[in-house]
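Just so you know, the sequence shown maps onto residues 463 to 815 in the working numbering. The structure under discussion appears below in the form of structure tokens.
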Amino acid sequence: MKHVLVTGGAGFIGANFVRYLLQVEPQVHIYNLDALTYAGSLENLKNLPDESRHTFVQGDICDNDLVMHLLREHEIDTVVHFAAESHVDRSIHGPAAFVQTNIVGTFTLLDAAKTVWKETGGFAGRRFHHVSTDEVFGSLAPDDPAFTETTPYDPRSPYSASKAASDHLVRAYFHTYGLPVTLTNCSNNYGPYQFPEKLIPLMVLNAVQGKPLPVYGDGKQIRDWLYVEDHCEAIYQVLKQGKIGETYNVGGGNQPYNIEIVREICAILDELHPQGAPHDRLITYVQDRPGHDRRYAMDTTKIQAELGWAPRHDLKSGLRATVQWYLEHPEWVQSVLQQEGYAAWLERNYAKR
Ligand code: NAD
Ligand code: TYD
Numbered sequence: 463m464k465h466v467l468v469t470g471g472a473g474f475i476g477a478n479f480v481r482y483l484l485q486v487e488p489q490v491h492i493y494n495l496d497a498l499t500y501a502g503s504l505e506n507l508k509n510l511p512d513e514s515r516h517t518f519v520q521g522d523i524c525d526n527d528l529v530m531h532l533l534r535e536h537e538i539d540t541v542v543h544f545a546a547e548s549h550v551d552r553s554i555h556g557p558a559a560f561v562q563t564n565i566v567g568t569f570t571l572l573d574a575a576k577t578v579w580k581e582t583g584g585f586a587g588r589r590f591h592h593v594s595t596d597e598v599f600g601s602l603a604p605d606d607p608a609f610t611e612t613t614p615y616d617p618r619s620p621y622s623a624s625k626a627a628s629d630h631l632v633r634a635y636f637h638t639y640g641l642p643v644t645l646t647n648c649s650n651n652y653g654p655y656q657f658p659e660k661l662i663p664l665m666v667l668n669a670v671q672g673k674p675l676p677v678y679g680d681g682k683q684i685r686d687w688l689y690v691e692d693h694c695e696a697i698y699q700v701l702k703q704g705k706i707g708e709t710y711n712v713g714g715g716n717q718p719y720n721i722e723i724v725r726e727i728c729a730i731l732d733e734l735h736p737q738g739a740p741h742d743r744l745i746t747y748v749q750d751r752p753g754h755d756r757r758y759a760m761d762t763t764k765i766q767a768e769l770g771w772a773p774r775h776d777l778k779s780g781l782r783a784t785v786q787w788y789l790e791h792p793e794w795v796q797s798v799l800q801q802e803g804y805a806a807w808l809e810r811n812y813a814k815r
């Protein structure tokens, strides 16, 4: 791994991964291709561990000429593909962007990598890593076993359907053309730099502002939460040791109800930000998300056994570190809250619930 193309590296997980990789791989140069949609920001890339080994390129993963040029010009040996439309609620309001970026964009990258790598020495020593989600597996009943790598796909939202399609394309390029791919399907991430449309940062920022904390339905949906740095480490282990053509499930191994997460955030804020306590008075049950998946759970036996990966952060300490990060980064928070379109999104998603 010398010249790495990271897509979506100005978004939440991508930016955390750029930081992580610059730290653990002192020789690597990262080319970071990101369109800077509402979800991406150069604020997420300030104060990188080593700026000189990071080159930011603003552009679209659907732009075939640009992607081919980057792969050739910078002799990219490794692609780590994060770029996506990633929010389920937005996929309900506007699915077209999800089809475009998640499906067409992934196809564009795969095809460009196949073409350029074939022309320039072949596939040996090269790798295309695709970052995907547990949501492709659908929704679990309370007593169902956790998802494994062989659980059949059953996506139920435009977001998860578009990610499922992208996963299928990645595997098709491996089986049909021999493109050296690996995949990770990961559960819900949380941590620094997450855009406050997702549950945890939305609740933290709303609570600090004394705004209602909108819990969908009965709040008893279950997610398997993973601290973002643990996800970055899992991807890194797959890049280093993962077998070509293989998929690895990644998750935090916990099963809280959403309402428990929200209550825990309130309790942490009562301690760290006592103005406005008790924050749980702001909890407001609102109309559920259509087609809302009830439960996700990941079986991570394979990555633990084959690659020795396990999460380092438990949910309690990870949540505390996350709340603290948002409290300690008011400039970042302000830049996001003032972003054009954010207030309109809140209005669109929450006003009529
Ligand atoms: P995010 O929405 O925070 O960031 C996505 C990034 O992709 C943004 O920087 C955006 O500007 C960029 N982007 C969007 N469309 C683009 C395009 N057409 N061309 C170039 N760049 C584009 O997402 P995230 O939460 O960081 O998720 C990253 C990846 O991880 C996604 O593929 C997502 O499906 C997957 N994933 C996320 C989670 C999670 O909990 N957030 C869990 C598992 C898997
Ligand atoms: P989210 O962070 O959007 O991730 P995903 O839908 O990909 O799992 O939501 C996490 C859970 O929190 C999900 O069950 C929906 C719920 N939720 C709320 O109850 N209220 C909210 O305002 C949001 C954004 C999510």
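Yeah, the Cβ is synthetic: ideal placement off N, Cα and C, and Gly gets one too.
Review point. Buried or exposed: where does His-741 fall if 16 or more other Cβ atoms within 10 Å of its Cβ makes it buried?
Key: buried
**Study point:** Completely contained alpha helix (DSSP H) runs for the region 621-691, where each covers 4 or more residues
**Key:** 661-670
Practice item. Give me the Cα-Cα distance between Pro-488 and Tyr-812, rounded to the nearest whole angstrom. Key: 45 Å
Point to revise | Bridge partner(s) assigned by DSSP for Thr-450 | key: The requested residue 450 does not occur in the structure, where the chain is confined to residues 463 to 815.
Point to revise | Within the region 477-517, ranges of the beta strand (DSSP E) (whole runs, at least 3 residues) | key: 491-496
Review point. For the beta strand (DSSP E) that Asn-564 lies in, which residues bound it at each end?
Key: Element bounds for Asn-564: n/a, residue is neither H nor E.
Exercise for review: Compute the minimum distance between the beta carbon of Asn-478 and the heavy atoms of the ligand TYD, and state whether it is under 7 Å.
Suggested key: no
Exercise for review: Would you mind reading off the limits of the alpha helix (DSSP H) that contains Val-550?
Suggested key: 550-555
**Study point:** Nearest candidate by alpha-carbon position, reference Pro-658, set Thr-646, Pro-676, Leu-641 and Asp-606
**Key:** Pro-676
**Study point:** Proximity winner among Ser-548, Ala-574, Val-542 and Gly-473, relative to His-591 (alpha-carbon distances)
**Key:** Val-542
Review point. Do you know offhand how far Gly-587's Cα is from Asp-539's?
Key: 7 Å
**Study point:** Proximal residues to Ile-662 (C-beta, below 6 Å), its chain only, five neighbours per side dropped
**Key:** Tyr-652
Review point. In chain order, which alpha helix (DSSP H) runs of at least 4 residues are fully inside the region 717-802?
Key: 720-734, 763-769, 777-790 and 792-799
Practice item. Starting from the Cα of Gly-476, find the closest Cα among Ser-594, Gln-562 and Asn-716 and give me that residue. Key: Ser-594
Review point. For Lys-625, is the beta carbon positioned less than 7 Å from some heavy atom of the ligand NAD?
Key: yes
Point to revise | Thr-709 - DSSP class collapsed to helix/strand/coil | key: strand
Check your understanding: DSSP state of Thr-577, grouped into three classes?
Key -> helix
Review point. Counting Cβ pairs closer than 8 Å, one from the region 510-517 and one from the region 553-562, do we hit at least three?
Key: no
**Study point:** Span of the alpha helix (DSSP H), counted from its first residue to its last, around Val-529
**Key:** 526-535
Check your understanding: Starting from Leu-602 and walking both ways along the alpha helix (DSSP H), at which residues does that stretch end?
Key -> From DSSP, Leu-602 is part of no alpha helix (DSSP H); its letter is neither H nor E.
Review point. Are the CB atoms of Gln-717 and Asp-692 nearer to each other than 8 Å?
Key: no
Point to revise | Span of the alpha helix (DSSP H) around Tyr-812 | key: 804-812
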